[in-house]
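Read in our numbering, the sequence shown has 257 at position 251, and its numbers run on one by one without any break. A virtual CB, placed ideally from N, CA and C, is assigned to each residue, including glycine.
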Amino acid sequence: MNDKIHAAENNLNQSKQIESDLKDGIQILKEENEAIKNELQIALATSSGFNVVSYELEQQNEELLTTKNILTAEMYDQNVLVSELGAKLAICENKLKTQSKELSELRSNNGALEKKIEMMYEHNKFHLADTNLAQQITDFGNIIEEKHSEKHDLSENMLSVKRKHQKKVERMMIAFETYMAKVVNTFTVNADHQNKMIKKLIIRLLRANAWRLHLDELVRNLALNQLDNRRKILRRKYLNEKDAASKTNKELKRQREISKKIAEDLRISKACIR
């Protein structure tokens with residue numbers, strides 16, 4: 007671009023030099039015309055061919071006048087061309103400054119976007135490497151479930167529920183043991199009374215077993231709920247990161263289109279300078 011500008015400046019200087027040469031040529035022609043007039047006057051004073059010389063002088067004057075008009079027209083055309091080139095050069099310089107500034111801003115923005123994309127890629131490269139998203143989420147959930155079962159068997163909520171029901175079961179067992187002691191102490195009571203006590207004991211044992219099963223069911227459901235919530239959170243996070251990556255790709259595409267437009271404007275500017 008700078009080469010084109012220098013070439014345009016050289017053309018402008020050459021046009022100015024041509025204009026100066028034309029002025030010098032016109033001045034020389036005027037001087038020669040004056041010299042010819044002087045010589046013709048001397049010749050007319052000493053010669054009888056005044057009319058012939060006068061006619062030739064008029065012809066030469068007409069030729070000189072025609073030459074002068076042609077040179078004047080060419081000089082005017084050169085001046086117009088120089089003015090047009092100067093105006094185009096100023097426009098191109100302004101466009102070049104504006105486009106250089108925009109290009110610098112775009113380079114800065116592209117650098118920031120590339121760093122952001124690189125960071126996102128490093129953070130989410132396992133998402134980008136696998137095209138089967140459903141399988142990936144399932145595998146990732148299974149890994150979390152395994153780690154969760156290995157390191158965190160029960161959360162605070164599960165432990166609280168378990169302790170609550172364990173206390174109830176312990177109270178029932180204490181009551182059962184107390185009752186058994188009473189049964190042993192009153193073993194001599196009649197058979198009907200013992201059968202009733204045994205039935206009540208069986209009922210209490212069944213209830214205690216039901217409480218244990220209920221506790222296990224609660225613990226299992228709570229673990230499943232927490233695992234499902236964890237999967238939902240991870241999927242939401244993954245979708246958010248995917249959406250951010252998509253927006254970044256759209257922004258990069260827009261920046262590429264702007265860069266192409268700037269390149270096209272630069273090409274048009276070069277064509278104008280030519």
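In this structure I239 does not touch E108 by the C-beta definition: roughly 42 angstroms separates them, more than the 8 angstroms allowed. Closest in alpha carbon position to I76, among A96, A216, E99 and K29, is K29. One alpha carbon belongs to K94, the other to K259, and they sit about 32 angstroms apart. V86 has its alpha-carbon roughly 20 angstroms from the corresponding atom of T73. About 60 angstroms separates the beta carbon of D234 from that of K101, a gap too long to meet the 8 angstroms contact definition. If you draw a straight line from the Cα of T254 to the Cα of K103, it comes to about 28 angstroms. CA-to-CA, the gap between Q232 and R241 works out to about 14 angstroms. Here the alpha carbons of L71 and A96 stand approximately 37 angstroms from one another.
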